[in-house]
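Here the sequence shown is numbered in our numbering, starting from 365 and rising by one per residue.
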Amino acid sequence: MNEEPVLEFRGVRLRIGEREILRGIDLVVGRGETVVLLGRSGSGKTTLLRCINGLMEPTSGDVLIQGKSTREQDMVNLRRRIGYVIQDGGLFPHFTVERNVAVVPRLEKWPEDRVRERVTSLLGMVGLPPEEYSARYPRQLSGGQRQRVGIARALAADPAILLLDEPFAALDPITRFELQKKFLELRNALGKTAVFVTHDVREALMMASKLVLLKDGQIELVATAAEFLESNSPEARLFLAGIEADRRTNGPVTDQ
Numbered sequence: 365m366n367e368e369p370v371l372e373f374r375g376v377r378l379r380i381g382e383r384e385i386l387r388g389i390d391l392v393v394g395r396g397e398t399v400v401l402l403g404r405s406g407s408g409k410t411t412l413l414r415c416i417n418g419l420m421e422p423t424s425g426d427v428l429i430q431g432k433s434t435r436e437q438d439m440v441n442l443r444r445r446i447g448y449v450i451q452d453g454g455l456f457p458h459f460t461v462e463r464n465v466a467v468v469p470r471l472e473k474w475p476e477d478r479v480r481e482r483v484t485s486l487l488g489m490v491g492l493p494p495e496e497y498s499a500r501y502p503r504q505l506s507g508g509q510r511q512r513v514g515i516a517r518a519l520a521a522d523p524a525i526l527l528l529d530e531p532f533a534a535l536d537p538i539t540r541f542e543l544q545k546k547f548l549e550l551r552n553a554l555g556k557t558a559v560f561v562t563h564d565v566r567e568a569l570m571m572a573s574k575l576v577l578l579k580d581g582q583i584e585l586v587a588t589a590a591e592f593l594e595s596n597s598p599e600a601r602l603f604l605a606g607i608e609a610d611r612r613t614n615g616p617v618t619d620q
């Protein structure tokens, strides 16, 4: 018997005014998969991501999490069960690192000793020694450190799904590569289901267990990284041509 998918889109459409942003999305995400939504600006990838945690509501169709429609779920409880990482971490500026990471566990009324243990464990996992970083404020961190805290916070309440909206786009190439590797380590260690948005095809190929290429609000291609590289999809070939042009201009890519 097949295992129930963690996440499923069924005929999802979303219209704002006269513009149809999502045009009939059908997609299944299995347990432990990292699904990367790749596409140009305006392709609908971030809108699709936000339909998962209820920040945007489909005009028609349905989003199911562990078999239950998001329309039937309390939005506050739903969002507490979904980790969310955005550019620059999205940290509360007047909270310490410890308080930022502990937000959802404390809202969920975890015992304080369990909260402290979880924060200590996660900061260690993301490479920020808790004795050095717990009492710092976001302004005292580098961009890469803020993103590490953002990932720790997203994982704090052991969410069913992790959403990442171009989380590393604003970072320098070296820091970005370090965090991409750290995310892959965490994914493999924790077995989390993740949906990751990017417009960078190299990042998509590195991060994805399943790559979903969007164009004009529709799915153009669903593929593994190997299948994507061999695809005859015109949109996929355009993305791959960008890599080849960069190689010709700058030489072989060695950091990703």
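Beta carbons are placed, not taken as given, at the ideal position from N, Cα and C, and that holds for glycine.
| said: What ranges does the beta strand (DSSP E) occupy inside the stretch 525-603, keeping only unbroken runs of at least 3 residues that lie completely in it? | reply: 525-529, 557-562, 574-579, 582-587
| task | With a 10 Å radius around its C-beta and 16 neighbouring C-beta atoms as the bar for buried, classify Gln504 as buried or exposed. | result | exposed
| task | Buried or exposed for Phe560, please, with buried defined as at least 16 other CB atoms from any protein chain shown within 10 angstroms of its CB. | result | buried
| task | Note the first and the last residue of the continuous alpha helix (DSSP H) segment covering Leu487. | result | 476-489
| task | Could you have a look at Glu368 and say whether DSSP puts it in helix, strand or coil? | result | coil
| request: Helix, strand or coil for Glu630, going by three-state DSSP, please let me know. | output: Since the first residue shown for the chain is 365 and the last is 620, residue 630 is missing from the structure and cannot be characterised.
| message | Please list the terminal residues of the continuous alpha helix (DSSP H) segment that includes Gly388. | response | Per DSSP, Gly388 belongs to no alpha helix (DSSP H); it is in the beta strand (DSSP E), 383-393.
| query | From this set, Phe592, Gly581, Leu554, which residue's C-alpha is nearest Ala621's C-alpha? | reply | Because the chain in this structure spans residues 365 to 620, residue 621 falls outside the shown range and cannot be described.
| message | Please tell me whether Leu543 and Met489 are closer than 8 Å, where the distance is taken between their beta carbons. | response | no
| query | Since Ile627 is in the beta strand (DSSP E), which residue starts that stretch and which ends it? | reply | The structure shown has nothing for residue 627, since the chain only spans 365 to 620.
| request: With DSSP as the reference, label Gly507 as helix, strand or coil. | output: helix
| task | For Ser407, verify whether its CB is less than 7 Å away from any heavy atom of the ligand FMN. | result | Here there are no bound small molecules, and the ligand FMN is not part of this structure.
| query | Would DSSP call Arg443 helix, strand or coil? | reply | helix
| task | Determine the closest residue to Val427 out of Glu384, Arg377, Gly453, Val400, with distance taken between C-alpha atoms. | result | Arg377
| task | Taking Val586 as the reference, give the member of Lys579, Glu594, Asn596, Leu575 with the closest Cα. | result | Leu575
| Buried versus exposed call for Asn441 [16 or more other C-beta atoms within 10 Å across all chains shown] | exposed
| Does the separation of the CB atoms of Val461 and Ala518 fall below 8 Å? | no
| By how many angstroms is the C-alpha of Gly425 removed from the C-alpha of Arg374? | 6 Å
| said: On the DSSP letters alone, give me the boundaries of the alpha helix (DSSP H) that Thr398 sits inside. | reply: It is not in any alpha helix (DSSP H) - Thr398 instead sits in the beta strand (DSSP E) that spans 398-403.
| Distance, Leu412 Cα to Tyr501 Cα | 32 Å
| message | By the three-class DSSP mapping on this structure, what secondary structure does Leu455 have? | response | coil
| Considering only residues of the same chain and omitting the five flanking positions on each side of Leu535, which have a CB-CB separation below 8 Å? | Gly507, Gly508, Gln511, Leu543
| task | Report buried or exposed for Pro493, applying the criterion of at least 16 other Cβ atoms within 10 angstroms of its Cβ. | result | exposed
| query | What whole-angstrom Cβ distance do Gly408 and Leu578 have, given they're in contact under 8 Å? | reply | 5 Å
| task | Mind checking which residues open and close the alpha helix (DSSP H) that includes Leu413? | result | 409-416
| query | Roughly how many whole angstroms lie between the Cα atoms of Pro369 and Ile416? | reply | 14 Å
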